[in-house]
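Same order as they appear, the protein sequences are chains H and B.
When the letters of the first sequence are read in order and numbered with this note's numbering, they come out as residues 228 to 1148.
When the letters of the second sequence are read in order and numbered with this note's numbering, they come out as residues 228 to 1148.
Even glycine gets a Cβ: it sits at the ideal position worked out from N, Cα and C.
Number of protein chains: 2
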Amino acid sequence: MSRKFVYLFGGGSAEGNASMKDLLGGKGANLAEMANLGIPVPPGFTISTEVCTYYYKNKSYPEGLEEQVLNALKKVEEMVNKKFGDPENPLLVSVRSGARVSMPGMMDTVLNLGINDETVEGLAKLTNNPRFAWDSYRRFIQMFGNVVMGIDSSKFEHILNELKKEKGAKVDTDLTAEDLKELVNRYKKFVREEKGEDFPQDPYKQLWMAINAVFESWNNERAIAYRRMHQIPDDWGTAVNIVAMVYGNMGDDSATGVAFTRDPATGKKKFFGEFLINAQGEDVVAGIRTPQAITLEDSRKWAEEHGISEEERKSKYPSLEEYMPEVYKELVEVYKKLEKHYRDMQDLEFTIERGKLWMLQTRTGKRTGFAAVNIAIDMVDEGLITPEEAILRIEGDHLTQLMNPIFDPEDKKKAKSENRIFAKGLPAGPGAATGKVVFFAEDAEEWAARGEKVILVREETSPEDIKGMNSAEGILTARGGMTSHAAVVARGMGKTCIVGCGALEIDYEKREMKAKDTIIKEGDWISIDGNTGEVIKGQLKVIPSEVVQVLIEGTLKPEDAPVYQKFAKLMKWADDFRKLGVRTNADTPKDSAVARKFGAEGIGLCRTEHMFFEGERIQAVREMILAEDLEGRKKALAKILPMQREDFIGIFKAMAGFPVTIRLLDPPLHEFLPHTDEEIKELADEMGITFDDLKNKVESLKEMNPMLGHRGCRLGISYPEITEMQTRAILEAAIEVKKEGIEVEPEIMVPLVGHYKELELQKEVIEKTAKEVFEEKGEEVDYLIGTMIELPRAALTADEIAQTAQFFSFGTNDLTQTTFGLSRDDAGKFLPEYIEKGIYTVDPFVAIDQKGLGELIKIGVEKGRSTNPNLKIGICGEHGGEPSSVKFCHRTGFNYVSCSPYRVPIARLAAAQAAIEEKKK
Amino acid sequence: MSRKFVYLFGGGSAEGNASMKDLLGGKGANLAEMANLGIPVPPGFTISTEVCTYYYKNKSYPEGLEEQVLNALKKVEEMVNKKFGDPENPLLVSVRSGARVSMPGMMDTVLNLGINDETVEGLAKLTNNPRFAWDSYRRFIQMFGNVVMGIDSSKFEHILNELKKEKGAKVDTDLTAEDLKELVNRYKKFVREEKGEDFPQDPYKQLWMAINAVFESWNNERAIAYRRMHQIPDDWGTAVNIVAMVYGNMGDDSATGVAFTRDPATGKKKFFGEFLINAQGEDVVAGIRTPQAITLEDSRKWAEEHGISEEERKSKYPSLEEYMPEVYKELVEVYKKLEKHYRDMQDLEFTIERGKLWMLQTRTGKRTGFAAVNIAIDMVDEGLITPEEAILRIEGDHLTQLMNPIFDPEDKKKAKSENRIFAKGLPAGPGAATGKVVFFAEDAEEWAARGEKVILVREETSPEDIKGMNSAEGILTARGGMTSHAAVVARGMGKTCIVGCGALEIDYEKREMKAKDTIIKEGDWISIDGNTGEVIKGQLKVIPSEVVQVLIEGTLKPEDAPVYQKFAKLMKWADDFRKLGVRTNADTPKDSAVARKFGAEGIGLCRTEHMFFEGERIQAVREMILAEDLEGRKKALAKILPMQREDFIGIFKAMAGFPVTIRLLDPPLHEFLPHTDEEIKELADEMGITFDDLKNKVESLKEMNPMLGHRGCRLGISYPEITEMQTRAILEAAIEVKKEGIEVEPEIMVPLVGHYKELELQKEVIEKTAKEVFEEKGEEVDYLIGTMIELPRAALTADEIAQTAQFFSFGTNDLTQTTFGLSRDDAGKFLPEYIEKGIYTVDPFVAIDQKGLGELIKIGVEKGRSTNPNLKIGICGEHGGEPSSVKFCHRTGFNYVSCSPYRVPIARLAAAQAAIEEKKK
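Take a look at the structure:
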């Protein structure tokens, strides 16, 4: 007996269910689940993702698959009482991809499969609709020819257009059944010419070719690009769903549509969707025709916005609620059932065949950050989910959207008064984007690569455009609805997006667009408001989001800020659940204050060298570096001391009552010196030394690999007087702040330790200095001494180091560099290629590489705690604000993470998620 | 009850024994052992090294120590029937350091302790020798004042010289007891002035001050420097030995001396030593007076060499054999007993007090490489030790000495005929050294640092000179014997050394020396022959050693080469015992051939890029780099292909029947391009491109941290065509060689892999190319595909990588760089300081850092074998020829090590030692 590869569904039951997404893909699992729920789905079966994995490993199918497919097909035939390939009563099927997670439009689909010269006649007779039958046949040849046989679509279009010309037909529907029959003949002839073989007539041959094509499409270019962008592993594979066809294009009593159980842009609790009469499913998603609203309310609103009278609307663009009230009622029941069952907002696809509703898909709907937060909180209020579940449903990017800037209302008012708002479309992706117009995805990529901000403007977008969409600040399309490709993909990317902006006339040739009297050329600035759908000429001023206005700027009251209120509620929950501390990386009192307002519970990394560059300090720093001897260095350091002390006073005050980790000088000294001859000359004059002397000094400090050079604690070992000065500045500041009655918790952090003796030596210097300062001031403060763990050797010998350290802070930026042997400064040349080729699924500088780096961190934590069980452990690399990395830190037993101020809420959220996930286990 | 800190010995028994070196130090353990053996040692006791460790941790002594010391002292009093501090019958003691391993002269010693204004009188009465008593007192004040109280020695010398002038005394012995009494008074007054307190009169106070000083001397500058040089951990600490004084300076029936049971320079089996009549021990070691030979044979030889008549010799410089025949007989018995007991050559110290022999020390004698090999093999022949033990006694440096160059006999003959051999001394350290003369240790350091070869010439050396000695090619002293400081230290360092070259008159002021008519100034070239003791004017030609002449040059027959014969015997034993394979790093057929002769069993690393630089190839390589597209690159690569193929053919032939691991291109491409404007211009002209274009290209390839940049397999990922060409060259060469009937085992090694997918991608390219080549040639060869493990991530994810790799080769050079975050190119600036400060006891680029890097390697080996149990594992970093690293590789389960050709014998030896040590466990 071979393994089970094929899972049936339909007729009120299924072999699979919603929990089997890994095996059946999202689409297959949910079709099965709907069947189990008694919701009408056309019968069919799913070939599991294991077959895809097997196929890529062995370039063949596993034994038993063919038999299982044929058996399943037989069952489907029985359920619909049709026969695959039967000339009298033919069963046609769709063949669709379906991965674990939705990858909209990225992989291939074939509809109407099973049609051929014989069955087309049967279909015509059976439906009593020869035109429908021949139209289906010609569509099939076109789709199969393109997707499976690899023939350019436009060539089919060309033949179609020729025929239309000959027949004097304006639109496709002008062609008669006879015309379409002729078209099918021409198509077949053309395929023979192109491929040197006949278009396959055997339905089984068609089926296997299509299955093969779907599996192959897992590795097409756009699917790979999508996976990279969403960090989907290459080895997941896709399932294949083979489903009995239902026809939304059988006449005016047929239709097809998509719907969301709540508004995916705002999260508002209202059923929402679009449909097309007499059409097949792909037509809605592709956004080629502007579809009609499902609810009467939406339909009226739409008409109003487009200046269409109620009469015209009713006759030409009725809502489904009016057009097919029974079907609408059934659909409402289905959506309610599904939302309640899945306990989340659903994205539905349906087809109405001659008045009968069929559900083709349900999945958890993609949503904007605003919608995600609103839906999660509403569902808690509705008692549908718990606060824990609400927390788990919010992604870091969702929060980012809430915190991202919006347009300045004043500036927008001005634009309005100047009549610069020249078009309006559907607000598919909220946000405020401003940029230069480009009309091609490739241009968006290119322009963005050279640092330009661009808005990508298209008639409609297609899967080929996703890289360009990702490069753009925002996306604007002339066609398509809220569920079109552009809308779905942009929301997924968190991009500002407006779709269906029908007023736009785009001229790709001239690279310009027109709306009313306004002409916008490539390169002109426009601004798009993803919250309202407004398209504005020129560059609009962007201001802080509600959250930032309330929290940071204090320019808005919480009671006037509904978005902020939701944000605050969520953060409150997050703080209730999380166990991991969240600190911030901040070098100034200002950043410290911002971070506090975002909820930071201390500073995890204060880089002292940033202070060295400010104002006149750099002069003293250079004096120190260029000093001939200890005496000279000490003199220069004495000048820096009061300045550093002042900085620390400010930071300690801003972080009153919270710990502040201050890292001692880290970068190699040559970073503080000028490098061009001109600058060197200038500095030499200033310092009263010769150009040659200075040039020599600069040269002598240069390093082949500065990342691996004389930096970090190596400086403190060579020049203990620097450590002395910094310790003095920190502790003098701490004492001064303490004397003002403010609680202060300095943590002195020694960077780049690779050997415990380095830390011991630096600790001696720090303790000696501390004793001096305490004696001089007649006052003491508690302080800790710890170290960065940013070299592999430090993690590997953490048991030794932890005997001297009171805390560890993993410097994962540097640790990634050394663990991977990858310089962040240089990797730009090949890292993109590595992501492209799937070597890394995610940039290791963005998210902690849990397999490699993670292993090293675990070793460091375990060894460290083995000799010092009370060791405080944190992270201060940029990974500290990246959700998957924060969760890793929680699981690995960290005490806190530290990240940039604006990432603090994201880290709080991720920390809460980690705690909840742990509890669930 | 407190721990035991104090161990008694004397009177035929002891509380310790020779196996307790860690606790009692070498000196203490061996004194105990001698006591147990019934050999006459003065009674005493040892304070353990644990007390030293405790002292450095707590800056105080452990509880119970004082009581134990006083109890032990009481026992010693009983044994010698004297009382410490008793004015009538005073016991005096010596207080000496003694670490686990001998650190000659590095730490402090105090003799005659317990003497004061009262006991000196008792001593005078008791010995009936007031002069001796007062001389001992003034010596004690001088030594204690210097060592314990920190007063400059020369100040005491000054007072002594003043007094001598006043009294008209020429030498010390001209001073009477009264004079010495006066001297003691002046010394005491001087001490009071210097330190503001009286010289301590309380013997117990003296004792504790001296104990403290000895512990403190563990961390004096020269002891630290010595530890660095010999990789002795700082935390071992020293023991303190407190021993009842015996006096070699009680008159002409008293003496002191040192001896070796075999010749430490040549290994010849003959008793050998020197003594001084009426002297204290330190006088011999310091080499201030030229001592007399112990045996009659040596005495006669010495006289002959110095042109001294038999009569004069007999009266003025008799041997101990003649002077004290009974004592000599006893000494011979003792040395035989000790050598037999310890089963190794011993280095002895003894004192004769009024005709009675006392042994003060025995330890395993330091020896030259020649001596080490000879003694080890002789002792096997004598049945004293097994071949395994012989192997364990030879160090890598010993072998190096055997393989090191010697003077060209022709050139030396010429020098002789030209009368350029201007002096002769004692051949204390064998070898052939030539260099410029310097007279100060600091100069030796400085000159060597700037690349000069120097010979350090001194009247005598002292512990302060060791850094200079280490920097010099060779050491030449005018005074001192075979057991003087210079001799012992130089032998330990493996330096060529001549001592006791009495003909030299050194003028430090003028910085010149004279011998007969020859004047040599600072900076003049001289050559010293450490095998004969000859000092030659000018730079003598150096030629290969016997071993190299026989093995590599073929210019000497084995039967004419006794050193080679011993070498070969040792290597035979090593090969019998070892389990680890030994390969070589070689890039050319020539190096491969040399390595084979040294016993390499294949190539562990063949760097293909070295070939890229040769001759016209660099031109094609540059074309490849500068090519605009794939086409251009392929064209250039096609030019390189036949050249690479030829190289591989040569190497495969030289390594017939052995595996050859070839690493694919590794360095970043910019290394192949010129960098100065001038060179760029030249190349641009050559290549027919503009200067600006080429300059831009060069700039664009520059990297901030090339070590972490676009190199290794990252090149092969970006440009698979390079991997293709190299694979083709390797396999085409292999097929050609195979067709000639020669066995060939290519192993293709992918460098700098950090992620298994990198290796997978490169493997695909290699296998595809191999298939093509095999088809084209109609012939196949077996080959392996493996990878370097040279990034921490590779070791951490070795389980994944091993599924694609057939072998791992640890590239410990790069792995050290990334694990330590230390660039080899830049570390020169601070690594010496790190060694100096004791952060690293040994340069991590020289020996594998077992604690940190070793941990990572172990992880890599364990993980690798966990998914691929048959994984072949080797090392190809430079550590592969360093003994401690080779042993680590054995213990960690490596299959082989690979090192440079001349290190192969050392690796074979170390591998054998590792196997024997394992078996012993």
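Residues near residue i in its chain [Cβ-Cβ closer than 8 Å; skip 5 each side]
i	result
residue 313 of chain B	346, 349
residue 628 of chain H	595, 596, 597, 657, 658, 721
Neighbouring residues, chain B, relative to residue i (Cβ below 9 Å)
i	result
residue 1067 of chain H	982, 984
residue 1087 of chain H	Residues of chain B passing the Cβ test: none, with the nearest at roughly 11 Å.
Proximity test, Cβ basis, 8 Å: residue i and chain H
i	result
residue 712 of chain B	no
residue 678 of chain B	no
residue 1091 of chain B	no
Neighbouring residues, chain H, relative to residue i (Cβ below 7 Å)
i	result
residue 1078 of chain B	1024
is_contact[residue i, chain B] using C-beta, thresh 8 Å
i	result
residue 932 of chain H	yes
residue 1044 of chain H	yes
residue 1050 of chain H	yes
residue 783 of chain H	no
Neighbour list for residue i in chain H, Cβ cutoff strictly below 8 Å
i	result
residue 944 of chain B	1057, 1060, 1061, 1064, 1066
Spatial neighbours of residue i in its chain, beta-carbon cut-off 6 Å, leaving aside the 5 residues before and after
i	result
residue 575 of chain H	486, 589
Closer than 7 Å at the beta carbon, the chain D residues around residue i
i	result
residue 464 of chain H	Looking for chain D here will not work: the only protein chains present are H and B.
Neighbouring residues, chain B, relative to residue i (Cβ below 7 Å)
i	result
residue 1047 of chain H	981, 1018, 1020
residue 941 of chain H	1057
Distance CB(residue i)-CB(residue j) smaller than 8 Å
i	j	result
residue 240 of chain B	residue 263 of chain B	yes
residue 475 of chain H	residue 452 of chain H	no
residue 1098 of chain B	residue 1031 of chain B	no
residue 822 of chain B	residue 875 of chain B	no
residue 599 of chain H	residue 570 of chain H	no
residue 792 of chain B	residue 835 of chain B	no
Beta-carbon contacts of residue i that lie in its chain and below 7 Å, excluding the five residues immediately before and after
i	result
residue 805 of chain H	1135, 1138, 1139, 1142
residue 479 of chain B	504, 505
Partners in chain B for residue i, counting only beta-carbon separations shorter than 8 Å
i	result
residue 1106 of chain H	Residues of chain B passing the Cβ test: none, with the nearest at roughly 15 Å.
Supposed contact pair residue j and residue i - C-beta distance, whole angstroms, cut 8 Å
i	j	result
residue 705 of chain B	residue 731 of chain B	4 Å
residue 935 of chain B	residue 1050 of chain H	4 Å
residue 726 of chain B	residue 707 of chain B	5 Å
residue 340 of chain B	residue 367 of chain B	7 Å
residue 775 of chain B	residue 630 of chain B	6 Å
residue 468 of chain B	residue 255 of chain B	5 Å
residue 261 of chain B	residue 586 of chain B	6 Å
Contacts that residue i makes with chain H (C-beta to C-beta distance below 9 Å)
i	result
residue 935 of chain B	932, 934, 935, 1044, 1045, 1047, 1048, 1049, 1050, 1051, 1052, 1053, 1054
residue 991 of chain B	None at all; the shortest Cβ gap to chain H is about 11 Å.
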